[in-house]
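Heads up: the structure comes next, in structure tokens.
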Amino acid sequence: MSDIELRQLRYFVAVAEELNFTRAAERLQIAQPPLSRQIQALEKALGVELLERSQRRVELTAAGSVFLEECRRILAQVNVGVDRAQRTARGETGQLSIGFEGSSQNDLLIQAVRVFHAQFPAVELVLQELSSGEQVEALRRNQIELGFLEPNLPAENLSIEILRSESLVAVLAETHALADQPQFALAQLAEDAWITGSSKTYCGLLIQILNACRQAGFVPQIRNETNDIQMLLGFVAAGLGVTLLPTSMQNSSYPGVVYRPLTPPVPKVELAIARHPENRSPVLNAFLQVVRALPK
């Protein structure tokens with residue numbers, strides 16, 4: 148059997164539905180002679196007669212009736228395929244895996260997810276809570292496509308883009324000796340026990356605290372580690388130690404915990420996104436556009 152073109156199927160459906168070559172040609176916006184030739188070529192390729200022609204009318208043969216239903220199904224499926232391909236190319240369908248730190252500043256991620264889901268509801272977002280170090284490893288293994296992380300860590304062969312920088316604030320139990328102070332120097336916490344992110348997973352919170360304390364002239368006495376923000380706040384409220392968090396996380400209210408600004412020089416923390424520079428996924432690019440458009 149010779150190759151059959153989609154164009155011929157569309158032509159046949161028009162003739163079969165109109166049962167008139169003139170009206171079918173007008174519907175297809177082509178001349179009648181080429182239409183007749185294409186229908187004849189289709190019948191020859193199939194080896195069956197699809198239409199009974201007379202000077203007065205055109206009728207479907209039994210084979211033509213069966214073929215009409217199949218043509219409608221095929222053309223509908225082609226339209227679905229074309230639509231899906233175009234939507235995928237625009238980043239409107241598919242899946243995107245994203246890593247984030249539970250102890251980090253995730254308000255920007257939450258905003259991005261909300262906006263992106265509203266614009267691209269057919270895209271499945273898979274969010275994984277991972278430390279910054281775990282995200283770098285997951286990116287290298289292609290287990291995630293995008294990471295929201297602390298940028299000051301080894302990340303060779305990855306594209307790092309800083310999203311924002313903000314101040315760190317002290318997080319204390321409300322019974323702490325400095326809790327009634329409007330602000331104080333970070334060095335005043337040099338003798339306190341500290342609660343940080345995990346040292347085993349290269350947590351971004353740990354990196355932030357170590358850098359800030361080093362700049363203030365001391366090494367923190369770390370007593371407890373957790374990557375869970377709620378557990379961290381619970382430990383602080385229980386009086387087990389102090390910590391630092393980004394200013395944006397002051398909205399994470401917890402009974403028995405207070406946030407206090409630090410006197411200059413105030414330590415800063417950066418939030419970045421990381422990805423493979425060669426990843427050209429339309430879904431990833433669409434998500435990046437949403438993130439970059441958000442107020443920082």
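Here the sequence shown stands for residues 148 to 443, numbered as in my numbering.
Backbone N, C-alpha and C define an ideal beta-carbon position, used for all residues, glycine too.
Please read these numbers as outputs of a predicted model, since none were measured by experiment.
Asked, Found
"Between the CA atoms of isoleucine 245 and proline 429 - distance to the nearest angstrom", "15 angstroms"
"Sequence-distant residues of its chain with Cβ nearer than 8 angstroms to isoleucine 307 (five each side left out)", "Pro298, Ala419, Ile420 and Ala421"
"Option nearest serine 153 by Cα separation, candidates Ala223, Asp230 and Arg439", "First, the amino acid is wrong: residue 153 is leucine here, not serine. Of the candidates Ala223, Asp230 and Arg439, the one whose C-alpha sits nearest the C-alpha of leucine 153 is Ala223."
"Backbone secondary structure at leucine 182 - three-state DSSP", "helix"
"Segment limits, beta strand (DSSP E) that includes glycine 246", "241-247"
"Cβ-Cβ distance between aspartate 230 and serine 395 below 7 angstroms", "no"
"Whole-number beta carbon distance between aspartate 339 and valine 389, since they are thought to touch under 8 angstroms", "5 angstroms"
"Any alpha helix (DSSP H) of 4 or more consecutive residues that is wholly inside the segment 244-326", "254-266 and 279-287"
"As assigned by DSSP and simplified to three states, the class of proline 393", "strand"
"Cα-Cα separation between arginine 407 and proline 329, rounded to whole angstroms", "6 angstroms"
"Residue of Asp327, Leu310, Gly381 and Leu215 minimising C-alpha distance to lysine 443", "Leu310"
"Closest residue to leucine 243 among Phe263, Thr410 and Ala232 (Cα-Cα distance)", "Phe263"
"Outcome for glycine 364 when other beta-carbon atoms lying within 10 angstroms are tallied against a minimum of 16", "exposed"
"Reference proline 268, options Arg170, Arg234, Met378 and Leu182, closest by Cα", "Arg234"
"Which listed residue (Leu325, Asn374 and Pro367) has its alpha carbon closest to that of serine 345", "Asn374"
"Boundaries (first-last residue) of the beta strand (DSSP E) holding threonine 343", "340-343"
"Which of helix, strand or coil DSSP assigns to valine 466", "Past the edges of the chain, shown from 148 to 443, lies residue 466, and the structure says nothing about it."
"Proximity below 7 angstroms, CB of isoleucine 356 to CB of leucine 333", "no"
"Nearest neighbour of valine 162, chosen from Leu296, Gln179 and Leu256 [CA to CA]", "Gln179"
"Distance between beta carbons of tyrosine 349 and leucine 274, contact taken as under 8 angstroms", "Not confirmed; about 19 angstroms, so no contact."
"Own chain residues within Cβ distance below 8 angstroms of isoleucine 342, not counting five before or after", "Ile369, Arg370, Asn371, Glu372, Thr373, Leu379, Phe382, Val383, Leu387, Gly388, Val389 and Thr390"
"Supposed contact pair leucine 166 and glutamate 206 - C-beta distance, whole angstroms, cut 8 angstroms", "7 angstroms"
"Cα-Cα separation between alanine 302 and glycine 351, rounded to whole angstroms", "13 angstroms"
"7 angstroms CB neighbourhood of glycine 403 in its chain, flanking five on each side removed", "Ala320, Glu321 and Ala384"
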